[in-house]
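Take a look at the structure set out below.
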Amino acid sequence: MSKLSTPPSNPLLPPLSARNDDVDPTRETTPKNQNPQKLCANCRVPFSPSNTQIHFYPLVRVANTRMRYPVMKFGGRILYSQTSIEVEKAAKELLKNLELEKRESGQVVLGLDIEWRPTFKKGVAARKAAVMQICGDTSHCYVMHIFHSGIPQSLQFLLEDPTLLKVGIGIGGDAVKIFKDYCISIKAVEDLCCLAKQKLGGHSHWGLASLTKMLISKEVFFVKKGFLGHFTVY
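So the number in our numbering is just where the residue sits in the sequence shown, counting from 1, plus 1357.
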């Protein structure tokens, strides 16, 4: 009779020297025609057909390994204005800076977003747009409390200027809101979500956070919920 060859070792099993050569009849073995991987829902079974004994090892929980990116924060100045005079002055200052930039680069892109206090009761009319945020570069962000100031002449001129491209996530909805609340038609808007679908694809709804991760490998720093709440509580 030829000598049986030694079966290949399994790195997940204890060494052969640590196993009993004779099977203990009182020890449970794999039932016939049953997949040993299904014997224990909470255990992983390293199975080798060359062995009749089953060795159970507990599953190891794998920690959440979602990649973390460096956090990106706005490091410029936040310029807040509330009254009509303050908003008019801020809009004039912004227009002046934009004209200089337009002469140098030929094109100006503005980040624009609006906030308002939501209503959750059925039949209650939506509240007016309360806060407008405009950012033209990394050094200044204008926060205008338009609920109190309205939209003065210089701000209206800026919003209606077709040579100033306004961009944002869902900016089309913001433009509709401003038209309904203040009868001002914002010109030259580009929804970054729609643009991302055209250029990048592969995502049902691109948001600011997902675009930041995709394009510059950073996390967006969001202020705590309710930070802008006191601005929208008229």
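From the three backbone atoms N, C-alpha and C, an ideal C-beta is built for every residue, glycine too.
Give the C-beta separation of residue i and residue j to the nearest angstrom, bearing in mind that I take them to be a contact with Cβ-Cβ under 8 Å.
| i | j | result |
| --- | --- | --- |
| residue 1552 | residue 1465 | Actually they do not touch by this definition, with Cβ atoms about 17 Å apart. |
| residue 1518 | residue 1470 | Wrong, their Cβ atoms sit about 18 Å apart, outside the cutoff. |
| residue 1493 | residue 1451 | 7 Å |
| residue 1511 | residue 1449 | 5 Å |
For residue i versus residue j, is the C-beta spacing smaller than 7 Å?
| i | j | result |
| --- | --- | --- |
| residue 1526 | residue 1549 | yes |
| residue 1539 | residue 1491 | no |
| residue 1439 | residue 1497 | no |
| residue 1487 | residue 1476 | no |
If you drop the 5 nearest sequence neighbours on each side, which residues of the same chain put their C-beta closer than 8 Å to that of residue i?
| i | result |
| --- | --- |
| residue 1541 | 1508, 1513, 1516, 1517 and 1535 |
| residue 1429 | 1569, 1573, 1575, 1576, 1577 and 1578 |
| residue 1500 | 1435, 1436, 1437, 1438, 1488, 1489, 1490 and 1588 |
| residue 1446 | 1438 |
| residue 1520 | 1459, 1465 and 1545 |
Can you list, in chain order, the residues of its chain whose CB lies under 6 Å from that of residue i, leaving out five sequence neighbours each side?
| i | result |
| --- | --- |
| residue 1574 | 1426 |
| residue 1503 | 1489 |
| residue 1563 | 1550 and 1553 |
| residue 1571 | none |
| residue 1443 | none |
Could you tell me which of the options sits nearest to residue i, measuring between CA atoms?
| i | options | result |
| --- | --- | --- |
| residue 1528 | 1485, 1472 and 1446 | 1472 |
| residue 1467 | 1503, 1485 and 1454 | 1454 |
| residue 1495 | 1563, 1433, 1571 and 1567 | 1433 |
| residue 1524 | 1537, 1533 and 1545 | 1545 |
Excluding sequence positions up to five away, which residues of its chain have a Cβ less than 7 Å from the Cβ of residue i?
| i | result |
| --- | --- |
| residue 1565 | 1526 and 1577 |
| residue 1441 | 1506, 1507 and 1509 |
| residue 1478 | none |
| residue 1420 | Confidence at residue 1420 is low in this model, with a pLDDT of 49, below 50, so its placement is unreliable and no value can be given for it. |
| residue 1462 | none |
Strictly under 7 Å for the Cβ-Cβ distance: is residue i near chain D by that measure?
| i | result |
| --- | --- |
| residue 1491 | Absent here is chain D; the protein component of the structure consists of one chain. |
(request) May I have a chain-ordered list of the beta strand (DSSP E) segments no shorter than 3 residues that lie completely inside the segment 1433-1482? (result) For the segment 1433-1482, whole beta strand (DSSP E) runs of length 3 or above, ordered along the chain, are 1434-1438 and 1465-1472.
(message) Restricting to runs no shorter than 3 residues, where is the beta strand (DSSP E) found entirely within the segment 1471-1557?
(response) 1488-1492, 1497-1501, 1521-1525 and 1546-1548
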